[in-house]
Amino acid sequence: MKKSMRCEDKFENNNELIPPGWEYEKSVRDYNSDILSHEQQGIQRGMKTLGRLIQLLLKENRKDDIEQVVKDEEYRDALLKTYHLL
Numbered sequence: 003m004k005k006s007m008r009c010e011d012k013f014e015n016n017n018e019l020i021p022p023g024w025e026y027e028k029s030v031r032d033y034n035s036d037i038l039s040h041e042q043q044g045i046q047r048g049m050k051t052l053g054r055l056i057q058l059l060l061k062e063n064r065k066d067d068i069e070q071v072v073k074d075e076e077y078r079d080a081l082l083k084t085y086h087l088l
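Add 2 to a position in the sequence shown, counting from 1, and you land on the number used in the working numbering.
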């Protein structure tokens, strides 16, 4: 990995070797990497929120609601709003 990064640095610093479109390709890769990172953060945040909802439902002994939350998106959203998690 380090070797390829050194090659990329050497390649980027030698303007004679840079093919047309290189900057565009690099910016697209950077953009895609940022999008993936934000997507993963959103997934983690959603999992924490759902976990918190399930904890609250367990604390109130609402086990049937947990099953409903897993199956029904509208019901899940309603409970998330009820518990001020959304």
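Every residue gets a Cβ at the ideal spot worked out from N, C-alpha and C, and that includes glycine.
Would residue i pass as a contact of residue j if the rule is Cβ separation under 8 Å?
i, j, result
"L87", "R64", "no"
"Y77", "L58", "no"
"I37", "I56", "no"
My guess is that residue i and residue j are in contact by the Cβ rule of under 8 Å, so how many angstroms apart are they, rounded?
i, j, result
"L82", "T51", "7 Å"
At the level of alpha carbons, what is the spacing between residue i and residue j?
i, j, result
"V72", "Y33", "33 Å"
"P22", "S39", "28 Å"
"Q70", "Q43", "26 Å"
Where do the N-terminal and C-terminal ends of the alpha helix (DSSP H) with residue i fall, by residue?
i, result
"G44", "24 to 61"
"D74", "First-last for D74: undefined, no H or E at that position."
Helix, strand or coil for residue i, going by three-state DSSP, please let me know.
i, result
"I20", "coil"
"L82", "helix"
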